[in-house]
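The numbering used here runs 3 ahead of the 1-based position in the sequence shown. Glycine included, C-beta positions come from ideal geometry on N, C-alpha and C. Below: one structure, written as structure tokens.
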Amino acid sequence: GHVLTGVANWKDFVDPEKGREASVAYAISTYMIGYGWLAKAVTVAILAGFTSVILVMLMGQSRIFYSMSNDGLIPKVFGDLHPKFKTPYKANWILFIFVGLFAAFVPGHVAGDLTSFGTLFAFVLVSLGVWVLRVKSPEIERPFKTPAAPVVAVLGALICLAMIFALDKQTLIVAFGWMAVGLVVYFLYSKNHSKLRKQG
């Protein structure tokens, strides 16, 4: 909005020397003299927004780990439910500790870019999955049927891949490194413990 209305220079939003994580607040305090209070309010709003998003992501991730644990892909500790609340509390604790340490020692822009990488890569898989399922399982009931599925799916995957490789080199190295670790874990542990794989 600040760029579109000409209030701020677009370069302020990508320059790490000018507060990359709080560039909107920086733009307000720099270009809108007398509105320092607004910059502080925006910073608080950003922190509140980040907090809510991270909390939801952590809660969702613990449920993913719970399902993976039930299948045997990861250790059983991630599938332990709280006796009263029936939530995967151990998975929550492990995630909270890991994410807390990650946030404490990894720069904010790196963490943000890694999150973007993971989200975009998931979208690539989802896009291709739509196409694969349309070809391999056309009989599946679909409440919504994507029109021109092959074209839309391929375009979606390509656009997400383009955005992935637009990320900086450091982010790509770390992200692909994490993926390599995940593959090692899968082939050394998960593959041999998967209940679904054994049933198939």
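From the DSSP output, in three-state form, read off residue i for me.
i      : result
Phe147 : coil
Ser197 : coil
Ser119 : helix
Ser140 : coil
Tyr38  : coil
Leu104 : helix
Asp74  : helix
Thr90  : coil
Phe168 : coil
His85  : coil
Val109 : coil
Pull up the CB-CB distance for residue i and residue j, whole angstroms please, since I reckon it's below 8 Å.
i      : j      : result
Lys93  : Val80  : 5 Å
Arg66  : Pro86  : Not a contact, Cβ separation roughly 18 Å.
Arg137 : Ala151 : Actually they are not in contact, since the Cβ atoms of Arg137 and Ala151 sit about 11 Å apart, beyond 8 Å.
For residue i and residue j, I'd like the C-alpha separation in whole angstroms.
i      : j      : result
Phe120 : Ala156 : 18 Å
Thr33  : Cys163 : 34 Å
Leu161 : Leu128 : 11 Å
Ala54  : Ala107 : Looking at the sequence itself, residue 54 is Thr, so the reference to Ala does not match. So the two alpha carbons sit approximately 14 Å from each other.
Trp181 : Thr122 : 14 Å
Glu144 : Val109 : 44 Å
Thr46  : Leu98  : 26 Å
Ile176 : Gly37  : 43 Å
Val184 : Ala178 : 10 Å
Glu142 : Ile49  : 45 Å
Phe126 : Asn195 : 27 Å
Leu41  : Gly52  : 16 Å
Val59  : Leu84  : 18 Å
Ala169 : Lys201 : 40 Å
Val102 : Lys148 : 37 Å
Val187 : Ile57  : 27 Å
Lys43  : Met35  : 13 Å
Just to confirm my understanding: we take residue i, look at its own chain, exclude 5 residues before and 5 after, and list those with CB closer than 7 Å. What are they?
i      : result
Ser197 : Asp74, Gly75, Leu76
Gly82  : Tyr69, Ser72, Asn73, Pro91
Phe124 : Ile167
Gln64  : Leu98
Thr174 : Val113, Asp116, Leu117, Phe120
Which same chain residues end up closer than 6 Å to residue i when comparing Cβ atoms and leaving out the 5 residues on each side of it in sequence?
i      : result
Phe105 : none
Gly39  : Ser32
Does any heavy atom of the ligand GDP sit closer than 7 Å to the C-beta of residue i?
i     : result
Thr46 : Ligands are entirely absent from the displayed structure, and the ligand GDP is therefore not among its contents.
Could you name the residues of the same chain whose beta carbon sits closer than 8 Å to that of residue i, not counting the 5 residues immediately before and after it, in chain order?
i      : result
Asp171 : Asp116
Met62  : Asn95
Pro78  : Ser72
Are there three or more Cβ pairs, one per stretch, closer than 8 Å when the stretch 184-193 is compared with the stretch 130-142?
no
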